[in-house]
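For the sequence shown, this note's numbering assigns the number -15 to the initial residue and increments by one for each residue that follows. Please read the structure below before turning to the comments.
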Amino acid sequence: MELTQNEKRLLAALAKEKEADALHLAQMLDATPEAVVQWALLGKDRGLADVRRKVTKKLEYTDEGRNYLEKGLPETQVLNAIGNDTTLFSLQELAAFKIGFGQLRKKGLITVTKGIVTKNVGATTAEDEAALKNPQPGEQRTQELVKRGLVKEIETIRNILSITDEGTLMVDAGLDLREEIGTLTREQIISGAWRDANLRKYRVDKLPRVVYCGKSHPYQRLIEGMRQIFLEMGFTEIHGGLVQSSFWNFDALFQPQDHPAREMQDTFYLKECMELPGCWESVKAMHENGGDTTSTGWGGVWKKEKAEQCVLRTHTTSLSIQHLAAHPEPPVKAFCIDRVYRREAIDPTHTPEFEQLEGIVMDKGVGFTHLLGFLKEFYQGMGFEGVRFRPGYFPYTEPSVEPEVWVDGLGWVEMGGAGIFRQEVTAPFGIRYPVLAWGLGVSRVAMLRLGLKDLRLLYRSDINWIRKSPVYRPERPKSGGEV
-15 MELTQNEKRL LAALAKEKEA DALHLAQMLD ATPEAVVQWA LLGKDRGLAD VRRKVTKKLE
45 YTDEGRNYLE KGLPETQVLN AIGNDTTLFS LQELAAFKIG FGQLRKKGLI TVTKGIVTKN
105 VGATTAEDEA ALKNPQPGEQ RTQELVKRGL VKEIETIRNI LSITDEGTLM VDAGLDLREE
165 IGTLTREQII SGAWRDANLR KYRVDKLPRV VYCGKSHPYQ RLIEGMRQIF LEMGFTEIHG
225 GLVQSSFWNF DALFQPQDHP AREMQDTFYL KECMELPGCW ESVKAMHENG GDTTSTGWGG
285 VWKKEKAEQC VLRTHTTSLS IQHLAAHPEP PVKAFCIDRV YRREAIDPTH TPEFEQLEGI
345 VMDKGVGFTH LLGFLKEFYQ GMGFEGVRFR PGYFPYTEPS VEPEVWVDGL GWVEMGGAGI
405 FRQEVTAPFG IRYPVLAWGL GVSRVAMLRL GLKDLRLLYR SDINWIRKSP VYRPERPKSG
465 GEV
């Protein structure tokens, strides 16, 4: 059985000690404890040594715990301050009130009636104080002190190494403890001294240890690739808040206030409200009667309070329309890659939060063919050579289109929606030129590019998947011309 020099040295030391701590053996062998354990594990694989982990726990006070050890727990301080007709207002002046009062209420030791605080019968914190003075591992009250950050558990791990009977027999048979030579010098070769040297033996059939390089998450790399494509096409990236008013999320996009997508089952509504911008009356007129356009609007009564409700944005189009409202004159080329939220049940193809890629182009003379060109450029840049389009319907674009890409084994896969903003969307903000717009599902592109069948894998901390994913991105295929 071939052993390394370090394994031999460890066995020789263990033959004398029989059983010893890794730290002690490391000092004997002039090595680190980690190296000694590694040698022992190699010996364990051969049945020559054994490694046993011994875990010990001890408790230590935190700074806050030491302070309460001297002054008493906050609940004790507050309880001691309660007398006859003690008011809640007077207790609030105590430094320990915020924590102590909550603990007393939690433990059912006090009653508050019309602002007067009284102790309940038998109210005492003696057992808690005793636990603080003498904490015991595993005891329930001690665990509560740990949760409160007053006491902390310190875990110490010791590796106890020992030699087996087979290892002892090998030591008794004799070990060559001469220093091994791993690299020959020029002088040793010329002089022939290498013939008498104790050369280190190498196993060519043993695989080396796998070394994993640092890398960013595959999903993040793919998002960065998307961002780079639009930046190369001359687009400007825009950003905005996760919380939007219903006005920008729905009304500004000419989505009626009774649209099913605005109901609670599709949207996360918040209790807060947001003040409307100065242009809200133009949007109101557009919804009710079409304003100054040829549209007849949706009719009915448009409610300002409904538009003021805050939501977690359901799409990044809310950022696009705000950007257009702030920049009504051409040219405008902007995109956004950010997270949106919808009330979806979690399954392999749906999550309540996901990333969306939004883009807009507004300029003189742009038309539907330009929109198709931008989309084709993007998808071919993402590695999908086959791209086609079919008519679609969306509430705020006309004409509308749904891009599809060809995926081997799946066929044509729909990837998002696009179109030209309707006059009902642009007119209230004084926009006089066509606006090309699209919204694409980033996660759908990611699933196809990364070969995933479960969308949830994009958001899990699976280190093995990250390690196995390649760090390179294939060169983007040429689109066949400038757009």
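The beta carbon of each residue, even a glycine, is placed where N, CA and C say it ideally should be.
Our two residues, R211 and T300, have alpha carbons roughly 15 Å apart in a direct line. Going by C-alpha positions, G400 is about 14 Å away from L432. In the DSSP assignment, L341 falls within the beta strand (DSSP E) that extends over 337 to 346. Per DSSP, P192 lies in no beta strand (DSSP E) segment and is marked neither H nor E. Taking a cut-off of 8 Å on C-beta distances, the region 288 to 300 does not touch the region 198 to 218, as fewer than three cross pairs fall below it. Membership of E208 in the alpha helix (DSSP H) is indicated by the continuous run 202 to 216. In the DSSP annotation of this structure, E313 is not part of any beta strand (DSSP E), being labelled neither H nor E. Counting C-beta atoms within 10 angstroms of its own C-beta, D235 has 16 or more neighbours from the protein chains shown and is therefore classed as buried. Under the rule that a run must span 4 or more residues, the alpha helix (DSSP H) segments found entirely inside the region 101 to 189 read 110 to 117, 124 to 131, 149 to 157, 170 to 175.
W390 and L442 have their C-alpha atoms spaced approximately 22 Å apart. Residue pairing by DSSP places Q228 opposite V295 in a beta bridge. Straight across, the Cα-Cα distance linking A33 with V130 is about 38 Å. For I447, the uninterrupted alpha helix (DSSP H) segment begins and ends at 447 to 452. In the DSSP assignment, T16 falls outside any beta strand (DSSP E) and carries neither an H nor an E. For E1, the uninterrupted alpha helix (DSSP H) run begins and ends at -11 to 1, by DSSP.
With contacts defined as CB atoms closer than 8 Å, C263 and P412 qualify as a contacting pair.
Taking all protein chains in view, the Cβ of F378 is crowded by 16 or more other Cβ atoms within 10 Å, so the residue is classified as buried. Taking all protein chains in view, the Cβ of F405 is crowded by 16 or more other Cβ atoms within 10 Å, so the residue is classified as buried. For T333, the closest C-alpha among the options L436, F81, K38, R444 is that of L436. Y186 counts as exposed, since fewer than 16 other beta carbons sit within 10 angstroms of its beta carbon.
In the structure shown, the three-state DSSP call for H334 is strand. In the assembly as shown, A114 is an exposed residue. Its beta-carbon has fewer than 16 other beta-carbons within 10 Å. Assignment of Y363 by DSSP, reduced to helix, strand and coil, places it in the helix class. In the structure shown, the three-state DSSP call for I404 is strand.
The alpha-carbon of E(-9) is positioned some 28 Å away from that of G176.
Scanning its chain for C-beta atoms nearer than 8 Å, with the 5 sequence neighbours on each side dropped, one finds around E388 the residues V371, R372, F373, R374, W396, V397, E398, M399, in chain order. The residue among E128, Q340, L63 with its C-alpha nearest the C-alpha of T109 is L63. Secondary-structure assignment with DSSP links L424 through a beta bridge to L341, G400. The beta carbon of L116 lies closer than 8 Å to those of G49, Y52, L53, L57, L129, L134, V135 in the same chain, with the five residues before and after it left out. For the 8 Å CB-CB criterion, L(-2) and W23 do not form a contact.
In the assembly as shown, T71 is an exposed residue. Its beta-carbon has fewer than 16 other beta-carbons within 10 Å. Boundaries of the alpha helix (DSSP H) harbouring Y52: 47 to 55, taken from the DSSP string.
In the three-state scheme derived from DSSP, where H, G and I count as helix and E and B as strand, D5 is classed as strand. Selection Q(-11), Y363, L93 evaluated against V105 yields L93 as nearest (Cα-Cα). For P244, the three-state secondary structure derived from DSSP is helix.
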